[in-house]
Ligand code: NDP
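Residue numbers (the working numbering): 2 to 295.
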């Protein structure tokens, strides 16, 4: 019955494909990052609720351990393949070309898909693999040419990382997914994406740790719009042309977060939220220049 997905705009990518501007994030929807039967059941149930709420764009990753559960939910839902948009990401342990290829096959198997919509290098890891994320990028783009992948992208790439892969390969990522929320608007990376025509996708769009959700300024804007703080933050992303993938394990919040297409923030309200940016101090996730984790 829910038709929320019908109102979600599509963002046109540089490679000619399109991505729904709002999606559902699956980081930490299960108790831990292991791929096992229990976790698959937990994630399948939660992602089924997200599909029920109207989400058609699902964000997973090899590192989250959620691909199997996402695949189960997709199989159970019986939604036509061309209505779905599925993103996964290459785990940091799999950057070597042969590991990338093998793990991509596992990703497709777990998701139960013949083709993935978007595959991202999860982190650039400039301090690992001898600093060679260029070969990783080249190998990932080969999957598109081979027909198993629709769009190739990156995640957590800073302007210098983008410049390096584009200069070395001539291939521009379709998407860069990186941390953006009102306390860390990440202007430099957004500007670099704009210069190259790379679609900007926000991870942790609500701020990950809940802090922007209690912000005084945004709370006042929400009251005047008769919307929730989460809806105002997501609307701020949408009006900036940013793709957003909020995570919630609660069905009522899944519904709340997808219903952001029936109101508009004024230019003054957008400027007030823009002014909350704390620069690098506002970052809550790892710094891509130094991150070496999973
Ligand atoms: P979000 O910014 O989406 O915030 C999630 C938190 O906000 C959860 O604690 C959630 O709690 C709470 N929340 C969600 N909706 C509401 C609401 N309407 N009202 C109040 N609280 C709410 O954080 P994430 O870090 O999860 O980012 C979203 C997605 O981005 C991830 O799931 C993942 O797919 C992706 N991501 C990618 C990264 C990368 O390196 N590429 C890094 C981090 C995230 P509850 O579940 O209890 O509702």
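Note that beta-carbon positions come from the ideal geometry of N, C-alpha and C, so glycine has one too.
Assuming residue i and residue j make a contact with CB atoms under 8 Å, what is their CB distance in whole Å?
i	j	result
residue 79	residue 56	Going by Cβ atoms, the distance from residue 79 to residue 56 rounds to 15 Å, so no, they are not a contact pair.
residue 77	residue 49	6 Å
residue 235	residue 206	6 Å
residue 89	residue 107	Incorrect: roughly 10 Å between the Cβ atoms, too far for contact.
residue 218	residue 172	Going by Cβ atoms, the distance from residue 218 to residue 172 rounds to 41 Å, so no, they are not a contact pair.
residue 244	residue 200	6 Å
residue 188	residue 154	At roughly 20 Å, the Cβ-Cβ gap does not stay under 8 Å, so residue 188 and residue 154 are not in contact.
residue 181	residue 119	Contact flag wrong, Cβ pair sits at about 17 Å.
residue 75	residue 121	Actually they do not touch by this definition, with Cβ atoms about 19 Å apart.
When DSSP labels each residue in this structure, what does residue i get in the three-state scheme?
i	result
residue 105	helix
residue 289	coil
residue 3	Annotation note: pLDDT 48 at residue 3 (below 50); position unreliable, coordinate value reported separately. In the structure shown, residue 3 sits in coil (DSSP, three-state: anything other than H, G, I, E or B).
residue 82	helix
residue 212	helix
residue 167	helix
residue 260	coil
residue 253	helix
residue 13	strand
residue 67	coil
residue 153	strand
residue 178	strand
residue 192	helix
residue 278	coil
residue 49	helix
residue 141	helix
residue 283	helix
residue 201	strand
Please report the distance separating the alpha-carbon of residue i from that of residue j.
i	j	result
residue 65	residue 125	17 Å
residue 237	residue 273	10 Å
residue 275	residue 240	12 Å
residue 87	residue 114	9 Å
residue 160	residue 53	37 Å
residue 123	residue 81	27 Å
residue 166	residue 11	26 Å
residue 84	residue 95	29 Å
residue 2	residue 71	Because the pLDDT of residue 2 is 41, which lies under 50, any placement of that residue in the model is unreliable, and the number read from its coordinates should be weighed accordingly. Straight-line Cα distance between these residues: approximately 21 Å.
residue 216	residue 286	19 Å
residue 98	residue 203	27 Å
residue 301	residue 277	Only positions 2 to 295 of the chain appear in the structure, and residue 301 is not among them; the question remains open.
residue 197	residue 168	11 Å
residue 264	residue 158	32 Å
residue 17	residue 138	19 Å
residue 136	residue 280	31 Å
residue 248	residue 255	8 Å
residue 22	residue 242	8 Å
residue 134	residue 117	21 Å
residue 184	residue 229	18 Å
residue 92	residue 61	11 Å
residue 177	residue 195	11 Å
residue 186	residue 213	12 Å
residue 33	residue 140	29 Å
Exposed or buried, what is residue i when buried is set at 16 or more other beta-carbons lying within 10 Å of its beta-carbon?
i	result
residue 128	exposed
residue 179	buried
residue 58	buried
residue 151	buried
residue 232	buried
residue 35	exposed
residue 295	exposed
residue 302	Any question about residue 302 goes unanswered here, given that the chain covers just 2 to 295.
residue 251	exposed
residue 13	exposed
residue 156	buried
residue 110	exposed
residue 8	exposed
residue 63	buried
residue 208	buried
residue 282	exposed
residue 253	exposed
residue 170	exposed
Quiz item: Are there three or more Cβ pairs, one per stretch, closer than 8 Å when the stretch 29-48 is compared with the stretch 212-227?
Solution: no
Quiz item: Are at least three pairs of beta-carbons, each pair with one atom in the stretch 26-34 and one in the stretch 142-160, less than 8 Å apart?
Solution: no
Exercise. Spell out a yes or no on whether the stretch 90-107 and the stretch 254-268 are touching, meaning 3 or more CB-CB pairs, one atom from each, closer than 8 Å.
Key: With the cut-off at 8 Å, the stretch 90-107 and the stretch 254-268 do not touch.
Quiz item: Do three or more CB pairs link the stretch 277-295 to the stretch 249-266 at distances below 8 Å?
Solution: Using a Cβ-Cβ distance cut-off of 8 Å, the stretch 277-295 and the stretch 249-266 are not in contact, since fewer than three pairs of beta carbons, one from each stretch, lie closer than that value.
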